[in-house]
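All remarks here apply to the structure that follows.
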Amino acid sequence: MTKKLLTGLVLTLLFCQAQPALRDVKTIYVGSFGEGPGANLIRSKIISDLVKSKRVEVVETVDRADAVLTGIGETSMVPGYSGDLVAYATAGARLVGKDQKILWAGNASSSRMTFSGSATSGVANRIVKDLLKSMQQR
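Listed below in structure tokens is the structure:
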């Protein structure tokens, strides 16, 4: 009985060490956020927010990264209640480890009245805040 328990504990420890943990991610490459309108702007703002956080290092090549953040982002202009145009942005993101396992996934959407703020900044900020919060908790 003790031998089985010890073997089980050793196997569990080995398995846990082999699994990349979200909290162990120190470098991130931010990949494509698609080809839709505003996708590159959302990606750029996510990069900026990650760099400003100083919690992870953003790298320019995949091979230097512990994980890759990719997703789909898009902006559009839609009529608001008063007939004015409202900027709307949405994005879904996922952080993938070197072993191709998804370590984190999230999404955000934001709308702003024209000239009153940036929908893309709101989406990027929410993605980064949610990611960093999850990294801290795990």
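For the sequence shown, position 51 matches number 58 in our numbering, and the numbering has no gaps at all. Even glycine gets a Cβ: it sits at the ideal position worked out from N, Cα and C. Quick caveat, the model's predicted, so the values are computed rather than measured.
Rounded to whole angstroms, the gap between the alpha carbons of residue 95 and residue 41 is 16 Å.
Counting C-beta atoms within 10 angstroms of its own C-beta, residue 36 has 16 or more neighbours from the protein chains shown and is therefore classed as buried. In this structure, the straight-line span from the alpha carbon of residue 62 to that of residue 136 is close to 11 Å. The Cβ atoms of residue 50 and residue 99 lie no closer than 8 Å to each other. Per DSSP, the beta bridge partners of residue 117 are 96. For the pair residue 43 and residue 83, the Cα-to-Cα distance works out to about 10 Å. Between the alpha carbons of residue 127 and residue 106 lies a gap of roughly 30 Å. Rounded to the nearest whole angstrom, the CA to CA distance from residue 138 to residue 109 is 12 Å. Just so you know, the alpha carbons of residue 52 and residue 31 end up roughly 23 Å apart. When the Cα atoms are used, residue 132 and residue 140 turn out to be separated by approximately 12 Å. Taking the CA atoms as reference points, residue 88 sits about 43 Å from residue 34.
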